[in-house]
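Visitor: Start counting the sequence shown at 2; every next residue gets the next number (the UniProt record's numbering).
All residues carry an ideal CB built from backbone N, CA and C; glycine is no exception.
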Amino acid sequence: SRELTLAAVDLGASSGRVMTARVGPGRLDLAEVHRFPNRPVRTAGTLQWDVLSLYAGVLDGLRAAGRESSGVDAIGIDSWAVDVGLLDADGALLGNPVHYRDARHGTAVPAVHAAVPPAELYRVNGLQHLPFNTVFQLAAMRGTARFAAARQALLVPDLLAYWLTGARAAEVTNASTTGLLDATTRQWAPGLLERLELPRDLLPGLVQPGEEVGRLTAEVRAETGLGEVPVIAVGSHDTASAVVGVPASSDRFAYVSCGTWSLVGVELDGPVLTEAGRAAGFTNELGVDGTVRYLHNVMGLWLLQESLRTWAASGLPADLPDLLAAAGRVPAFTAVVDVDDPRFLPPGDVPGRLAQACGETGQAPPQGQAETVRCIVDSLALAYRRTVRRAQELSGRAVDVVHLVGGGARNALLCQLTADACGLPVLAGPVEAAALGNALVQARALGAVTGGLGEMRRLLRDTQQLVEYRPSGSAAAWDAAEARVAG
Ligand code: ADP
Ligand code: LRH
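1) Do Gly260 and Leu302 have their CB atoms nearer than 8 Å?
2) Given Trp262, which residues of its chain have a CB within under 6 Å of its CB, disregarding the five upstream and five downstream residues?
3) Only counting the same chain, and skipping five residues up and downstream in sequence, which positions put a Cβ closer than 6 Å to that of Asp51?
4) Looking at the structure shown, is Thr47 part of a helix, part of a strand, or coil, going by DSSP?
5) May I ask you to list the residues that DSSP assigns as paired with Phe148?
6) Contact defined as beta carbons within less than 8 Å: I believe Ser54 pairs with Arg36. What is the distance between those atoms, to the nearest angstrom?
7) Whole angstroms is fine: what's the gap from Val173's alpha carbon to Tyr295's?
8) Return yes when the Cβ of Val34 is within less than 8 Å of the Cβ of Glu4, no when it is not.
9) For the alpha helix (DSSP H) holding Ala65, just list the boundary residues, first then last.
10) Can you give the Cα-Cα distance for Val73 and Leu227, rounded to whole angstroms?
11) Can you tell me whether Asp463 is buried or exposed? The criterion is at least 16 other CB atoms within 10 Å of its CB, across all chains shown.
12) Contact between the segment 420-429 and the segment 338-357 is defined here as three or more beta-carbon pairs at a separation below 8 Å; is this criterion met?
13) Let me know if Ser251 comes out buried or exposed under the rule of 16 or more other beta-carbons within 10 Å of its beta-carbon.
14) Under 7 Å from any heavy atom of the ligand ADP, does the C-beta of Thr261 make it?
15) Between Thr145 and chain C, is there a C-beta pair that is closer than 8 Å?
16) Label Thr166 either buried or exposed according to how many other C-beta atoms from any shown protein chain fall within 10 Å of its C-beta, with 16 as the threshold for buried.
17) For a quick check, are the C-beta atoms of Ala371 and Ala327 less than 8 Å apart?
18) Can you list the alpha helix (DSSP H) stretches of 4 or more residues lying completely in the segment 221-278, in chain order?
19) Can you give me the start and stop residues for the beta strand (DSSP E) that His100 sits inside?
20) Can you tell which of Gly92, Gln443, Thr284 and Glu394 has the C-alpha that lies nearest to the C-alpha of Arg169?
21) Among the candidates Ala384, Ala333 and Leu309, whose CA atom is the shortest distance from the CA of Gly349?
22) Taking 7 Å as the limit between beta carbons, can you name the residues of its chain near Tyr163, skipping five residues before and five after?
23) Sorted by chain position, which residues of the same chain lie with C-beta nearer than 8 Å to Arg411's C-beta, five sequence neighbours on each side aside?
24) I believe Leu31 touches Met20 by the beta-carbon criterion, under 8 Å. Please report the beta-carbon distance rounded to the nearest angstrom.
25) Report yes if the CB atom of Gly236 is closer than 8 Å to the CB atom of Asp79, and no otherwise.
26) By a C-beta neighbour count over all protein chains shown, 10 Å radius and 16 as the cutoff for buried, is Glu69 buried or exposed?
27) Just confirm the distance between the C-beta atoms of Gln443 and Ala75, as a whole number of angstroms; I'd bet it's less than 8 Å.
28) For the ligand ADP, is there a heavy atom less than 7 Å away from the beta-carbon of Gln306?
29) Are His238 and Thr178 close, meaning C-beta to C-beta below 8 Å?
30) Using 8 Å as the cut-off, can you tell me whether the segment 180-188 makes contact with the segment 131-150, which would need three or more C-beta pairs spanning the two stretches below that distance?
Pasting the structure below:
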């Protein structure tokens with residue numbers, strides 16, 4: 002097999018990046034070519050993604066990738082899940098994709114649950130109930146002029162791939178986050194579409210990671226200076242790519258895919274569609290190579306991001322490394338909250354909401370920025386502890402290590418507290434697990450790596466730098482903290 006240069010486009014809720022990976026036998030080098038902020042915009046009360054600006058960032062990145070590597074062999078795209086662009090009969094985009102943090106999606110929950118009761122919905126789609134799952138978004142849009150004009154809904158990575166190639170498809174890992182895919186058959190669920198009165202052809206045909214979606218159009222070739230490069234379907238859900246990028250050495254691992262969200266769970270061979278799993282908020286999202294990502298969405302570093310934004314807006318210091326250093330000097334467990342409380346979902350004054358949640362559970366609210374950051378980091382570690390335990394109980398999969406990947410792997414305080422809370426070693430890194438997982442699936446499709454997830458992960462272990470955190474401290478302190486969260 003030969004060495005290839007692959008462009009991995011990875012769009013997170015906080016930033017987009019285009020990376021290049023050189024991949025061949027025993028080799029996996031990742032370089033960041035272009036990074037751009039992802040700033041949602043509110044107009045007339047609706048929070049939206051600025052998808053044209055993101056696409057422009059992708060084109061800039063691809064142009065730079067081609068220049069720096071004298072061409073690329075393939076392109077893969079992954080992004081956050083659930084959100085869609087609607088296309089009209091001419092294939093034109095009908096407005097910007099609405100942001101999953103827009104409050105309107107949740108208004109359709111009662112109507113969807115009236116048509117398909119929640120327990121039944123879960124038995125088919127296996128998804129954690131989140132008010133912004135695509136199924137609720139589409140139901141909330143029904144009755145609008147935009148929805149009446151819509152002929153097809155494309156998830157964000159599929160929309161970008163459509164603009165790059167002219168080909169429309171729904172990549173299956175991300176399709177599994179819509180709520181309209183059957184978690185057992187891994188096909189669209191025609192019965193759900195019918196009962197929810199959604200047009201059958203609203204969703205395009207499915208493609209699997211590793212399949213070619215199409216080749217760059219003449220327009221894109223002219224804009225980027227690239228040739229007829231194929232766009233390969235990868236785990237286009239960023240979390241699916243991040244889980245490919247977990248450098249595990251056996252199947253006895255849990256992961257925390259730690260960015261804007263923290264996705265905490267295990268990798269399984271098939272779905273677990275139990276009522277207990279539904280009650281605990283566990284999801285069965287589909288992974289690469291027929292796997293299931295059995296996980297729970299923990300509110301994640303969003304709490305830090307949004308606190309920093311609130312502080313910066315009022316002229317307070319907002320340098321994350323400085324604040325984390327200060328938080329490391331604050332005593333543990335001054336206050337802890339349930340980070341999954343829905344009050345933290347919408348943009349706004351997160352420090353104020355944390356103080357309110359502490360008050361409601363009989364705790365003194367954090368005083369100042371360092372205590373607030375400490376409260377967030379302690380509370381996240383506590384949520385990881387709870388979730389890693391539940392994932393094992395509910396799935397029967399025992400774990401002896403926690404892999405923490407994504408931007409959060411840079412947060413040493415969080416990594417150490419996660420090891421302490423879980424009572425397990427934490428292996429932190431890679432930070433860019435999603436881009437690596439994206440590139441590896443492309444590399445395999447083109448023959449530069451062979452084998453399954455195990456072989457790809459061996460290459461990750463051999464080439465990427467990881468940091469190990471050993472558990473310390475007492476489990477009793479975490480048990481007591483857990484009791485305080487419950488109030
Ligand atoms: P997403 O893909 O959702 O946009 P990332 O995986 O890029 O998220 O992670 C972004 C997060 O990484 C930030 O919110 C921040 O909490 C964390 N992070 C980034 N750099 C650092 C750093 N130097 N120290 C600690 N945490 C960091
Ligand atoms: C993480 C993520 C997560 C989804 C959320 C909408 O970026 O894709 O897996 O639940 O965004």
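Guide: According to the structure data:
1) Contact flag set, yes.
2) If we look at Trp262 and ignore the five residues flanking it on each side, its Cβ neighbours are Asn298 and Gly301.
3) For Asp51, the CB contacts under 6 Å within the same chain, skipping 5 residues up- and downstream, are Val42 in chain order.
4) Reduced to three states, the DSSP call for Thr47 is strand.
5) Paired residue(s): none; Phe148 is not in a bridge.
6) Your pair Ser54 and Arg36 does not check out as a contact, with CB atoms roughly 13 Å apart and the cut at 8 Å.
7) In a straight line, the C-alpha of Val173 is about 16 Å away from that of Tyr295.
8) Taking 8 Å as the cut-off, the Cβ atoms of Glu4 and Val34 do not count as close.
9) Boundaries of the alpha helix (DSSP H) around Ala65: Val52 to Ser70.
10) Rounded to the nearest whole angstrom, the C-alpha separation of Val73 and Leu227 is 8 Å.
11) By the neighbour-count rule (16 or more Cβ atoms within 10 Å), Asp463 is not buried but exposed.
12) Segment contact: the segment 420-429 against the segment 338-357, fewer than three CB-CB distances shorter than 8 Å; contact not assigned.
13) Here Ser251 is exposed: its Cβ has fewer than 16 other Cβ atoms, across all protein chains shown, within 10 Å.
14) It does: the Cβ of Thr261 is within 7 Å (strictly closer) of some heavy atom of the ligand ADP.
15) The structure shown contains no chain C, having only a single protein chain.
16) Thr166 sits buried, since 16 or more C-beta atoms from the chains shown fall within 10 Å of its C-beta.
17) Result yes, Cβ atoms of Ala371 and Ala327 sit closer than 8 Å.
18) Within the segment 221-278, the complete alpha helix (DSSP H) segments of 4 residues or longer fall at 239-245, listed in chain order.
19) Taken as a continuous stretch (DSSP letters only), His100 belongs to no beta strand (DSSP E), as it is neither H nor E.
20) Comparing alpha carbon positions, the residue from Gly92, Gln443, Thr284 and Glu394 closest to Arg169 is Gly92.
21) Ranking the options by Cα distance to Gly349, first place goes to Leu309.
22) These residues qualify, in order along the chain: Leu155 and Arg169.
23) The beta carbon of Arg411 sits closer than 8 Å to the beta carbons of Val432 from its chain, once the five residues preceding and following it are set aside; these are given in chain order.
24) Their Cβ separation, rounded to whole angstroms, is 5 Å, which keeps Leu31 and Met20 in contact under 8 Å.
25) Yes. Within cutoff.
26) So Glu69 ends up on the exposed side.
27) Separation of the CB atoms of Gln443 and Ala75 is rounded to 5 Å, and the pair is thereby assigned contact status at 8 Å.
28) The answer is yes for Gln306.
29) At a Cβ-Cβ threshold of 8 Å, His238 and Thr178 count as neighbours.
30) As far as the Cβ criterion goes, the segment 180-188 touches the segment 131-150, which means the pair count is three or higher.
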